[in-house]
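Everything on this sheet refers to the single structure shown next.
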């Protein structure tokens, strides 16, 4: 056993050596990119290095799990010199690769503005162009290659070698074997915990860095092997290249400038996102009894859109669409994509620069669907989740806090905020398993769908929220936006169609603003909320958004979605479905499939116009996401980036 304990001690030293060298590569990274972090004080830089230890520890655990497994096997095998030599080769090979990734980013980061992702290993990066340019890289950055060679030499020399080869024991008892296997299992357990970043609900990802710093400094907290492994297997967006840059901007340009001449109005902004509230459940929007009388009442007081659509079908896709005007047109949600650390625009960040206090509320477990990390990424100052809620008795036993008490809590917290403020709340009781408090059993109609009783409960919670809110001093100076994250089960045929399954309510409501009322049949989507709010507030600076303001007739409204490799665009009087190369089907407003060859010429022309628009949106989105151009920068535009 004595040798086994020494081996465990050596294992600890070897892993500590990797941690030290990862910190050294972070120091080299910082020195070579000093101008990017010049605003940080010495103390803040030290804090970023400390924060980075969590990601370094995860990296060491993930890349060295096999090494650790072979290092904690019982002593009779591990003690052999040949076995230790194999361990050393494995250790130096794996960790030289780990350190190499960090060293690559020392200079590469200034070109990409983010840490390496798994896309670096695709043919787009390591293809013929890279091979052709490699001699130039070596010529320009020879000192880094030389430094890295010296770095690895020192790293290898410092490797803690075997202290001694254990003498074969005459008797290796079953109890010793069992104890060593138990110790090894415990070590592996903690390696797994370190690899996932702790005991939290979900393993840490790239976006977790913004919990510790602002997005522009996230690169100093992260390390490149971590970002590579966390983005491995996630798809790189294709470069469609439908149009040249000049054509593209004339078809669709997400760089928006509203050109307001009037003074900005500092109205509070409250966005209420209703879990799974499909348009079908509204009696007001369907001329029937419905299940949302209180939402219907608000829609009759505000400006309501009868042709509003979600951009996705999952809650994790809703926040980027609503808060940052990013449609869900990738195979992965933005939060889990390899682009999740890209700086993006957000309504909250823009309003924060205007002096707004910003916050986000969700009664679910902290970490659910990455809401907390995403809201930090987009500049929201305060996140209120289950951990912050004061009364455990309101827990539903599944997801989080029931909507009625949580919306009351939300209202009370708003009253503590300094005006102007931006805040948003995401409800949860109408999510599976659709539980409601026992005291409301039988109060709400159940209808033909399993979720309708919980829809009625959340709608009642909404009523109670507004009853409390209208008594508060901030109420009359507030713009409310109510919508859903996505739809859920459907009963009526239309809401089971490709178009209908994205149909959600959308209302803009400002108490006392008589201009903000009525019905509009303009086609709109979640990504329109961001530019529309800024338009309503008379914001004049440029920004990037993939929606349009609902308060303007030009450009025309549209709604985009993506599912199973097909893009969908609702536009004018039809919807098209596009596979990236061609339109594969067309639906009319009645959503009956059409054969384009048998329709009127006007419909064919209109369809072609929609196809052009859809291609323009996809090309702008893919290239801007890939080139890290999702935030407006007057010095950088799509047209002066190389796109092949």
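Numbering (the working numbering), first residue to last: 160 to 803. Built from N, CA and C at the ideal position, the CB exists for glycine as well.
Each residue's CA atom was taken as its position, placing residue 505 and residue 302 some 40 Å apart. In this structure residue 736 is not in contact with residue 729, their Cβ atoms being roughly 11 Å apart against a cut-off of 8 Å. Secondary structure at residue 453: helix, using DSSP grouped into helix, strand and coil. In the DSSP assignment, residue 517 falls within the unbroken beta strand (DSSP E) covering 516-521.
In this structure, 695 is the residue among 336, 747 and 695 with its C-alpha nearest to the C-alpha of residue 709. Secondary structure of residue 637 (DSSP, three-state): strand. Beta-bridge analysis with DSSP links residue 683 to 467.
Under the three-state reduction of DSSP, residue 555 is assigned to coil, being neither helix nor strand.
Distances from the CA of residue 224 to each of 366, 563 and 345 were compared; the closest alpha carbon is that of 345. Assignment of beta strand (DSSP E) within the region 403-427, counting only whole runs of 3 or more residues, yields no such run. Setting aside the 5 residues that flank it on each side, residue 188 is surrounded in the same chain by 265, each with a C-beta closer than 6 Å to its C-beta; the list follows chain order. Counting every other CB atom within 10 Å of its CB across the protein chains shown gives residue 354 a total of 16 or more, marking it as buried. In the structure shown, the three-state DSSP call for residue 371 is coil. Excluding sequence positions up to five before and after residue 360, its CB lies within less than 8 Å of the CB of 524, 525, 526 and 527, all in the same chain and listed in chain order. Short of 6 Å from the beta carbon of residue 309, and not among the five residues preceding or following it, lies no beta carbon of its own chain. Contact between residue 438 and residue 663 holds: their C-beta atoms lie close to 5 Å from each other, under 8 Å. Boundaries of the beta strand (DSSP E) harbouring residue 746: 742-747, taken from the DSSP string. Closest option to residue 365, judged by alpha-carbon separation, among 603, 167, 277 and 607: 277. In chain order, 557 place their CB closer than 8 Å to the CB of residue 592, counting only its own chain and leaving out the 5 sequence neighbours on each side. With contacts defined as CB atoms closer than 8 Å, residue 380 and residue 535 fail to qualify as a contacting pair. Non-local C-beta neighbours of residue 221 in its own chain, meaning closer than 7 Å and more than five positions away in sequence, comprise 354 and 388, ordered along the chain. Close CB contacts of residue 491 within its chain, under the 6 Å cut and outside five residues either way in sequence, are with 393 (chain order). When secondary structure is reduced to three states using DSSP, residue 503 falls in the coil class, being assigned neither helix nor strand.
Bounds of the alpha helix (DSSP H) holding residue 351 are 333-354. For residue 313, the three-state secondary structure derived from DSSP is helix.
Counting along the chain, residue 583 sits inside the beta strand (DSSP E) bounded by residues 580-585.
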